[in-house]
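Peer 1: According to full-length UniProt numbering, the sequence shown is numbered sequentially starting from 1.
Shown below is the structure under consideration.
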Amino acid sequence: MASLLKRAMWIGFRAFMGRINSSILPPILLDGIAVCPEESLKVLGVMFDCTLSWRAHCTWTARKTFALLSRLRRCQCYLTYDVRLLLIKGLIFPYLDYCASLFLGLSNELSLKLGRCKNAAIRFVTRRKIFEHITPDYVDLEILQLKTRCDFIALYLLTNVLSTNIPDYLGASLNFVSTDRPGGSRRFPLDLHIGHFPPNICAILSESGLATSEIVCQP
């Protein structure tokens with residue numbers, strides 16, 4: 001069992017990984033046991049690849065999501081609208097929300113892959129055809145699209161860190177911009193301006209329990 005816990009992986013840019021893979025390197029020894037570097041590792045439910053592109057994690061998430069949707073579709077005709085909505089919120093969305101802040105800056109290709117997973121889940125609820133526009137369903141269900149949802153989760157985590165300084169290793173590295181600088185427009189010391197979020201996202205932020213002194217949304 002101990003040997004199964006000893007795993008290693010090189011992390012670096014593509015060019016660096018190319019040099020690593022083409023070089024003859026001495027073995028990695030841990031307690032006298034040789035550890036062979038792997039292309040990807042699963043840590044706390046997140047798949048890390050050697051370039052931190054999150055490609056392995058997105059592929060794994062998409063595979064799990066579509067496999068679960070395939071099983072749900074087998075009994076779709078026996079499920080009411082409310083039950084289908086409850087199922088995707090309880091079984092599908094947790095895969096897409098887990099460590100969603102890692103998806104900031106995700107490539108367009110991988111964002112599209114995960115976005116299709118959420119679209120498929122919404123179509124399972126509304127039974128909208130694949131060639132029909134899906135945005136009205138997001139609006140009717142009051143569900144955020146994938147990219148906006150990831151931005152919201154990352155913003156929520158950032159707000160908690162700035163407000164509580166927890167965890168310490170992040171709180172010590174983040175500070176509010178001074179309100180005393182010339183031309184400053186902050187009304188309170190804890191104002192965090194979010195100019196790129198639309199009003200409906202601001203309403204969701206307010207309903208999430210964030211104080212108005214912590215979040216100020218601009219149209």
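Using N, Cα and C, we set each Cβ at its ideal position, and we do this for glycine too.
All values derive from a computational prediction rather than experimental measurement.
Taking all protein chains shown into account, decide if C99 is buried (16 or more other Cβ within 10 angstroms of its Cβ) or exposed.
Peer 2: exposed
Peer 1: Comparing C-alpha positions only, which one of C50, P167, L102 sits nearest to A8?
Peer 2: When only C-alpha atoms are compared, the closest one is C50.
Peer 1: For the candidate residues E109, F16, R19, I33, whose alpha-carbon lies nearest to that of K6?
Peer 2: I33
Peer 1: Look at the alpha carbon of F103 and the alpha carbon of L144, and state the distance between them as a whole number of angstroms.
Peer 2: 15 angstroms
Peer 1: Specify, as a first and last residue, the run of the beta strand (DSSP E) that M47 falls within.
Peer 2: 46 to 49
Peer 1: Measure from the alpha carbon of L96 to the alpha carbon of each residue in Y78, R116, L85, then state which is nearest.
Peer 2: R116
Peer 1: A121 lies in the alpha helix (DSSP H); which residues open and close that run?
Peer 2: For A121, the enclosing alpha helix (DSSP H) begins and ends at 108 to 126.
Peer 1: Taking DSSP as the reference, what is the three-state secondary structure of L30?
Peer 2: strand
Peer 1: For K64, which residues in the same chain have their Cβ closer than 7 angstroms to its Cβ, ignoring the five residues on either side in sequence?
Peer 2: Y95
Peer 1: Starting from the C-beta of A2, find all residues in its chain whose C-beta is less than 7 angstroms away, skip the five residues before and the five after it, and write them out in chain order.
Peer 2: Any reading at A2 needs caution, since the residue's pLDDT is 42, under 50, leaving its predicted position unreliable; the model's value is listed next. Excluding its 5 nearest sequence neighbours in each direction, A2 has no C-beta neighbour in its own chain below 7 angstroms.
Peer 1: Give me the DSSP bridge partner(s) of L41.
Peer 2: F48
Peer 1: Using the Cβ count rule (16 or more neighbours within 10 Å means buried), how would you classify D151?
Peer 2: buried
Peer 1: Would you call the CB atoms of I88 and A62 closer than 8 angstroms?
Peer 2: Result no, Cβ atoms of I88 and A62 do not sit closer than 8 angstroms.
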